[in-house]
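K.L.:
The structure is given below, and queries will be raised subsequently.
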Amino acid sequence: MADYTPEERLEAVKRKLNVTWQNPETDGRLDDVIAIASPALASRLGYEHTHAFSPADGEPWGLFLNACLYEFSDALDDFWRNYAEELRTARSLITKGEHVAGDDSEP
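Under my numbering, the residues of the sequence shown are numbered 40 to 146, in order.
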């Protein structure tokens, strides 16, 4: 899979949040959301803080989108509590080097 661009990532977050309008101010707010949620989630999962989430990540991609949803609502602290089990499971698989992506390939 080709690299997932920042523009594609922004569009995916907009779909998750049901943002159907085009507005530079909204896009700026969503860029801020991504800039906050992405490194925080990456660090908690055991990735480098600069990890750029994409659908190729499998389960962590869904966690990223949900983290953005919570951050957009100023509730990222609730995300950590509500997804604690999923975060622990994903981190365990990532730090062990086990496969967490959504396809059937080997790690």
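Heads up, the beta-carbon is just placed ideally off N, CA and C, and yes, glycines get one too.
Go ahead and label aspartate 42 buried or exposed: buried means 16 or more other beta carbons lie within 10 angstroms of its beta carbon, across all protein chains shown.
P.N.:
Classification of aspartate 42: exposed, given that the 10 Å Cβ count is below 16.
K.L.:
Are the stretch 87-100 and the stretch 123-136 in contact at 8 Å, needing three or more beta carbon pairs?
P.N.:
Verdict: yes, contact present.
K.L.:
Would you decide whether serine 112 is buried or exposed? Buried here means 16 or more other CB atoms lie within 10 Å of its CB.
P.N.:
Classification for serine 112: exposed.
K.L.:
Determine, using beta carbons only, whether isoleucine 194 and cysteine 107 come nearer to each other than 9 Å.
P.N.:
Because the chain is modelled from 40 through 146, residue 194 falls outside the range shown and cannot be assessed.
K.L.:
Is lysine 53 helix, strand or coil when you go by DSSP?
P.N.:
If DSSP states are grouped into helix, strand and coil, lysine 53 belongs with the helices.
K.L.:
Looking at serine 82: is its Cβ nearer than 9 Å to the Cβ of phenylalanine 103?
P.N.:
The answer is no: Cβ separation not under 9 Å.
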